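Colleague: Questions regarding the structure given below will be posed in turn.
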Amino acid sequence: MRVWHAMWLQRIDDKIAALQKREAEQQHGRQARPAEPEWIVELGIGDGRPPIEVHMGGCYAVGKRRRPVGRDEARRLLASGVRACSHCQPDTALDILDLPTRPAVSATAR
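Numbering (the working numbering), first residue to last: 142 to 251.
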């Protein structure tokens, strides 16, 4: 009976140690995570992957093809006619009032 209890105590101690190790690894991962970029540009498909939309750093609507940009580049891209995300509205956050508007694509232009 004594051996059986010692075996179960060892299993319990091993499980506790494994859980503590996993928690320490998760904590280290949270601390080592790089900071989220302040501005993101979503890139298109094709030659040179042109920028198609500017987002704020935490925007949920940003696509998979993206790269971080600085504040000045985000302002420059928006001023040059790249779309501002309609969800996070980076143009408002960057205090850009008058953006050039692109004409809407009509069904007859296709």
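All C-beta atoms, glycine included, are put in the ideal place defined by N, C-alpha and C.
All figures in this text were calculated on a predicted structure; none of them were measured in a lab.
Would you tell me roughly how many angstroms separate the C-alpha atoms of R208 and R224, rounded to the nearest one?
Modeller: Near 15 Å, if we compare the C-alpha coordinates of R224 and R208.
Colleague: How is A225 classed by DSSP in three states: helix, strand or coil?
Modeller: DSSP places A225 in strand when its eight states are reduced to three.
Colleague: Please tell me whether R217 and E179 are closer than 8 Å, where the distance is taken between their beta carbons.
Modeller: No, these two residues do not count as a Cβ contact at 8 Å.
Colleague: In whole angstroms, give me the CA-to-CA distance for I186 and A173.
Modeller: Their backbone Cα atoms lie some 32 Å apart in a straight line.
Colleague: Compute the Euclidean distance between the alpha carbons of L219 and V210, then round it to the nearest angstrom.
Modeller: Using only the alpha carbons, I get a separation of about 12 Å.
Colleague: Between the Cα of G198 and those of P175, D188, P191, R190, spot the shortest distance and give me the residue it belongs to.
Modeller: It is P175 whose Cα lies nearest to the Cα of G198.
Colleague: Evaluate H146 with the Cβ neighbour count: other Cβ atoms within 10 Å of its Cβ, from every protein chain shown; 16 or more gives buried, anything less gives exposed.
Modeller: Counting Cβ neighbours within 10 Å, H146 comes out exposed, since fewer than 16 surround it.
Colleague: Judging by CA-CA distance, which residue of A165, P192, D154 is the nearest neighbour of S221?
Modeller: Here the closest residue by C-alpha is P192.
Colleague: In terms of residues, what are the limits of the beta strand (DSSP E) holding I186?
Modeller: I186 -> no beta strand (DSSP E), and no H or E assigned at all.
Colleague: Is C226 near E194, with beta carbons less than 8 Å apart?
Modeller: For C226 and E194, yes; Cβs fall inside 8 Å.
Colleague: Check the DSSP bridge columns for M197 and list the partner residues they point to.
Modeller: For M197, which the question treats as bridged, DSSP gives the partners W180.
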